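Only one structure is covered here, and it is reproduced in the block below.
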Amino acid sequence: MIATLLLAPLFACIAIYLFRKKADIIAIAGAFVSLSAAILLAFTVRQGGAVHIAVAGLPDMPFRLLADNTSVVFLVVVAVVAFCIFLYGQGYMADEKGKVWFWAGMCLFLASMQLLVLSGDWILFITGWELMGFASYLLIGTWHWKNSAQEGASKAFMLTRFTDMGLYIGAFVIILTTGTSQITDAPLQDISMPDISMLGALALLVAVMGKSAQVPFQSWLSGAMAGPTPVSALLHSATMVAAGAILLLRAFPLLPEASLLWIGAVGGITILLTGFTAIVSKDVKQMLAASTSSQLGFMLLAIGAGFPGAAFAHWVAHAFMKSSLFLGAGVFQHARDSTAFDTIGGVGKKLKISFAAFAIAGVALAGIPPFIGYWSKDGILAAGIDATPVVWYFPVAVIGAFFTAMYMGRAIRILWKGQAEINRIQKINWMRTGLVALVLVVAAGGLFLEPVVQFAAYEIPQNTMAQISGIAAALAGLAAGWLTNTVALIGKPVHFLQNNYQLSSGYQGLVAKPALQLAVWCDQADKYLHKAVLKTGGAFVGIAKLANIIDLFGNYCIGQAGKFGLRVGHLSRSTEEAGTDWIARLTSSVKSLGTYGKKLQTGMVHQELVWSVGGMVICIIILIFSIR
Amino acid sequence: MSSMGQDLLLILPQIIVLLTAVAALIFEMLRRPTGSLMALAVGMLAAMGLSISRLGVEATAFSQTFRVDAFNHWSVIILCPASVLFALLARSELKGTGREGTVYSLLGFATLGSLLLAGSGDVMFIVLGLLMNSLSGFALAAYPKTDAATEGAMKYFIYGSVTSALMVFGLTYWVGTTGSTLLSALNNPGLQPLPVVFGLVALLVGIGYAASIFPFHFWTPDTFEGAPVSIAAYLSVIPKVGAIFALSQAMKELPVQLVNWPWLLAVLAVLTMTFGNVVALWQQNVVRLLAYSTIAQAGYFLLGVVAMQQSGLAVHSLIVFAVAYAVMNTGAFAVVLAHGTELKNFKGVGKQHPWTGVAMSIFLFSLVGIPPLAGFAGKFLLFGAAIDSEFTWLAVVAILNSAISLAVYLRIIMPMYYQPTMVISNTYSRLVSFVWIFCLLLTVMVGLGVQMFLF
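The following block contains the structure:
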């Protein structure tokens, strides 16, 4: 069953790539098979306990697939969300170019996410993680003839690849500390496991920050908006960014106490900064992107407070809410050919169903009962109160909840107020089906959230004060958002916020610039050396010396003769107008001889041998100093 | 059985390779190039089969001068089939020319040189192996007789002569201070450190030249660019694997207390990877780009050598990475042979030839080290070996480098998918297709089933 679950989307991907026809049908079929397998697997696990599979892998570390209570919940959520998005995508992509690319990428993406969720050891986890990064690169670049898509794709891929370094180091540290590559399958009970070192925990945190778009690595999410909206919906809800949270949930039993503070701090800072970005953004998709960072920040905060259960609940709830919001945004995008707030203002009155769905999901995200978001956000607020040593978790969470409500309120108002002409949308029924299915879960899911979380062996913390303050913050935020009647704010600081803090976007400053600088520097050093060595001649190298000097001298003579001939040619041409044909011919032949000789010579073996000998001498010096 | 007979039996795979090369030469004399190729294929596969059956045997031959160990077996298993693949690639380039058989025979001799390097337990074998390797290499690089090829071969030759001379000169210090040419004689902490240092650095110069380790790599890009693609592929795999294995054989013995060589090798590894990756960012020619990438990969190999004495993973990691490197690099060169050596030749390949597009992407991603491909398995083990021997900083630098290398390889992948088609049509030999399909299967299989490749 596990095999079907993983292979169905993978085969769909290959089939789409090969046949290049009926891509949508193959993809939806693949997703459907995967969904049914996931549900069947969930029942099997519920009755018969966890399923383990081990296959060949690295020495002493076989690849393990593990379907336990936690992972089947992840699996089902991912499969449901993906299936709805696939249905929606059939309508969304009807008139768009790049269908084969899109559907193949979506299937690959789904397969790799399911692999990540199912992985029972760290190596497979890395595999799923990397494959997903690659698939996201393909998907963001779906409209690859647009520059912004290419840039966004490369940026997302390079940035997440860079932070993946942390995952590699963290995985090594875990394997070396625990002596096994297996992921512990009983999250809360196994306390006897030794904690990993602080270094390992922080390395893992870096990986999470990259994948989950936490400050200062949040900027790739905005770039990733260049992809089609279903891609954004998938990326931002149950997959990709959510993988970071899964990593932390999986590693939670191993994390040392002290690292939790760091995780909470990263989460808290992200909640506030990106929440603010969302309030001032000018584009609905950019707003949702910033909101994703912010919501993932809530999960990190809960984990930092020591309540993975709250993070898990919010993970499930967020998957449904954020995908519905994106799907709604996609409908408006089709209606107005844009996602900017000033063009889509007022479309809500024409597209009532989609608007209602968007509004329900938005209110749910703000944390109003009885929708699913209330229950999960409540858990996080309670976690903030119960986090004993840290006093500021709770205020941050409340302010974050207020921000969330505020930007959702603002977006709902903008969409409702005003008048707008809309395009006729082809195949809107497909889009509506996917959207409405997801919103139903958002609306009714609140009742099932707690049993599901308990089934996954977690629990949601509860606290009356958290409930009251949560609802208060949500209502105040919605009201504030509704009253903030500014589509476009102005001024430099706002621009800075709208661009998602580009100055602090870590990757550009940390990696790209130094690497390019180094490249420029190497290039210049090389050029400089070319010149310097040419001047000093081949005087250094003992063995190649003679040959080189002769060669250089010959080249020099040829070059000089060439120049001389050229000068003669010029001179004769300018003084006498006629009868200089033979001189011109001679000149050109000498010139070509010169370039020929030069060409043979540009190997610059002597120059490079100097480098090598120099390197050798340095090696000797290093070693002599190291003699003990 | 006499001890001589036993020794000969132990080196039977090497003898088979020698006879194969000679047979290829004889067929060439009879002007039967196809016969040469067949002889090469049969002989090499026989040697490989023999070595597979002997996996696990640990012995020495000819009074410890030649080691029959994991490195030796795996060098045969990796390099012999690889040489057949290179011969197939070469055939697609020079079928019908007068020098076909010579090339096959030279490939055989060059492979033999690398096998001797990989099993060397004595400095004389290192010198001998390196010379056999490079002498055949000069001729192979020069055979098209174009200006570029001649220039590249000349450069390779000058570089080879200087570094080999330096190496032989420095190794005499080892022989002088230990009184023996055996590598195992170095395993004595009471030796004079200074002569050992001279010998070690000289060995690094010679090995560094063959394996293109910074700063002894300068011949690589020019020679690769000038030489035919099939020969560039050969130069990137066979001498490198042999040289790295030979270095490991020597470093197994040298006491760390005497000279702190792991540290020096770690520095060289960092410089090599970083230089290779950073300079590759600037290349417009795919072969030059791949040439710099092979330099960078040599840096990763050094991680395993650094860990040689402290980590039990080192030998495994080197072997797995050698297998992975051989298949993915050969595959990438085969696709280059099929589509052209300029970056612009790759525009739109992904749409016109989906299969080769996917294959090339997989080879390049494997070179980056993206799981679950072969390159990932090798690099993962190498990083593990480095961390295991307390060189965590080295592993961190190596992982960072693999992030930079992604940008390098994306430079080939981007035009394949993101740019409009430029190629009108190009036809290439079925042999090339066979080579890349074979490499593709192995790249995926090695990554998934690493366990079965170990002992």
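In the order they appear, the protein sequences are chains Y and D.
Numbered by the numbering used here, the letters in the first sequence go through residues 2 to 629 in order.
Numbered by the numbering used here, the letters in the second sequence go through residues 2 to 456 in order.
Where is the CB? At the ideal position from N, CA and C, for every residue including glycine.
Bear in mind that the values here come from a model prediction, so they are computed numbers and not experimental data.
Residue i burial status per 10 Å Cβ neighbour count (16 or more: buried)
{"i": "Y:Leu624", "result": "buried"}
{"i": "D:Met45", "result": "buried"}
{"i": "Y:Gly129", "result": "buried"}
{"i": "D:Ser237", "result": "buried"}
{"i": "Y:Ser506", "result": "In this predicted model, Y:Ser506 has a pLDDT of only 46, less than 50, meaning its place in the structure is not dependable enough to derive any value."}
{"i": "Y:Ile622", "result": "exposed"}
{"i": "D:Ser294", "result": "buried"}
{"i": "Y:Trp144", "result": "buried"}
{"i": "Y:Gln97", "result": "Here residue 97 of chain Y is Glu; the residue named in the question, Gln, does not match the sequence. It counts as exposed."}
{"i": "Y:Phe20", "result": "exposed"}
{"i": "D:Glu94", "result": "buried"}
Reference residue i; option with closest CA among the options
{"i": "D:Gln65", "options": "D:Thr112, D:His74, D:Met125, D:Phe28", "result": "D:Met125"}
{"i": "D:Tyr105", "options": "D:Asp123, D:Leu118, D:Leu116, D:Cys81", "result": "D:Cys81"}
{"i": "Y:Ile381", "options": "Y:Pro254, Y:Asn148, Y:Gly307", "result": "Y:Gly307"}
{"i": "Y:Phe626", "options": "D:Ala408, D:Pro194, D:Gly358", "result": "D:Pro194"}
{"i": "Y:Leu235", "options": "Y:Leu160, Y:Leu206, Y:Phe103", "result": "Y:Phe103"}
{"i": "D:Ala62", "options": "D:Ile239, D:Val198, D:Asp123, D:Ala47", "result": "D:Asp123"}
{"i": "Y:Ile54", "options": "Y:Ile29, Y:Tyr93, Y:Asp25, Y:Ile3", "result": "Y:Ile3"}
{"i": "Y:Leu261", "options": "Y:Ile304, Y:Gly482, Y:Leu41", "result": "Y:Ile304"}
{"i": "Y:Met432", "options": "Y:Pro63, Y:Leu42, Y:Phe84, Y:Leu66", "result": "Y:Phe84"}
{"i": "D:Met309", "options": "D:Ala339, D:Leu266, D:His354, D:Lys96", "result": "D:Leu266"}
{"i": "Y:Ala68", "options": "Y:Val78, Y:Gly90, Y:Leu42", "result": "Y:Leu42"}
{"i": "D:Ala360", "options": "D:Lys348, D:Gly379, D:Ala333, D:Gly376", "result": "D:Ala333"}
{"i": "Y:Gln219", "options": "Y:Thr181, Y:Leu168, Y:Thr271", "result": "Y:Thr271"}
{"i": "D:Trp356", "options": "D:Val336, D:Leu344, D:Leu374, D:Gly341", "result": "D:Val336"}
{"i": "D:Ile405", "options": "D:Met274, D:Val321, D:Gln420", "result": "D:Met274"}
{"i": "D:Ser430", "options": "D:Val18, D:Leu89, D:Ile17, D:Gly36", "result": "D:Leu89"}
{"i": "Y:Ala474", "options": "Y:Pro370, Y:Lys23, Y:Leu328, Y:Val618", "result": "Y:Pro370"}
{"i": "Y:Pro257", "options": "Y:Gly224, Y:Met241, Y:Phe110, Y:Ile175", "result": "Y:Ile175"}
Other residues of its chain near residue i: CB distance less than 7 Å, five sequence neighbours each side excluded
{"i": "D:Tyr157", "result": "Gly138, Phe139, Ala142, Trp220, Thr224"}
{"i": "Y:Leu450", "result": "Ala314, Val317, Ala318, Ile373, Trp376, Ser377"}
{"i": "D:Gly153", "result": "Ala142, Asp223, Thr224, Glu226, Gly227, Ala228"}
Distance, residue j Cα to residue i Cα
{"i": "Y:Gln48", "j": "D:Leu291", "result": "54 Å"}
{"i": "D:Ala203", "j": "D:Asn261", "result": "16 Å"}
{"i": "Y:Phe299", "j": "Y:Met288", "result": "17 Å"}
{"i": "Y:Gly385", "j": "Y:Gly268", "result": "12 Å"}
{"i": "D:Leu9", "j": "Y:Ala204", "result": "53 Å"}
{"i": "Y:Ala244", "j": "Y:Phe75", "result": "10 Å"}
{"i": "Y:Lys353", "j": "Y:Gly363", "result": "15 Å"}
{"i": "Y:Val440", "j": "Y:Lys212", "result": "26 Å"}
{"i": "D:Ser181", "j": "D:Phe217", "result": "28 Å"}
{"i": "D:Ala40", "j": "D:Leu118", "result": "23 Å"}
{"i": "D:Phe458", "j": "D:Leu411", "result": "Outside the displayed range of chain D (2 to 456) lies residue 458 of chain D, so it cannot be described from this structure."}
{"i": "Y:Ser182", "j": "Y:Ala252", "result": "12 Å"}
{"i": "D:Val257", "j": "D:Gly277", "result": "28 Å"}
{"i": "Y:Trp417", "j": "Y:Val285", "result": "13 Å"}
{"i": "Y:Ile86", "j": "Y:Ile17", "result": "18 Å"}
{"i": "Y:Phe404", "j": "Y:Tyr89", "result": "29 Å"}
{"i": "D:Ile232", "j": "Y:Ala136", "result": "35 Å"}
{"i": "D:Arg1", "j": "D:Gly102", "result": "Beyond the ends of chain D as shown, which are 2 and 456, falls residue 1 of chain D; an answer cannot be given."}
Beta-carbon proximity list for residue i, same chain, < 6 Å, skipping 5 on both sides
{"i": "D:Ser362", "result": "Ile414"}
{"i": "Y:Ser35", "result": "Leu6, Ala9, Pro10, Ala80"}
{"i": "D:Gly161", "result": "Ser135"}
Distance cut-off 7 Å: residue i Cβ against heavy atoms of the ligand MN
{"i": "D:Tyr301", "result": "What this structure holds is no ligand at all, so the ligand MN is not there to describe."}
8 Å Cβ shell around residue i - same chain, five flanking residues per side excluded
{"i": "D:Leu442", "result": "none"}
Would you call the segment 10-23 of chain D and the segment 42-56 of chain D in contact, with 3 or more CB pairs under 8 Å? For the pair of segments examined, the segment 10-23 of chain D was found to touch the segment 42-56 of chain D: the number of CB pairs separated by less than 8 Å reaches three.
At a cut of 8 Å, does the segment 391-406 of chain D reach the segment 323-333 of chain D through at least three beta carbon pairs? The count of Cβ pairs closer than 8 Å, one atom from the segment 391-406 of chain D and one from the segment 323-333 of chain D, stays below three, leaving the stretches out of contact.
Say whether the segment 310-317 of chain Y touches the segment 345-353 of chain Y, bearing in mind that this needs 3 or more beta-carbon pairs closer than 8 Å, one atom from each stretch. Pairwise C-beta distances place the segment 310-317 of chain Y out of contact with the segment 345-353 of chain Y, as fewer than three of them are shorter than 8 Å.
Kindly confirm or deny that the segment 153-164 of chain Y and the segment 106-117 of chain Y touch, where touching means at least three C-beta pairs closer than 8 Å. Touching, no.
Cβ pair count under 8 Å reaching 3, the segment 245-255 of chain D against the segment 354-372 of chain D: No, the segment 245-255 of chain D does not touch the segment 354-372 of chain D.
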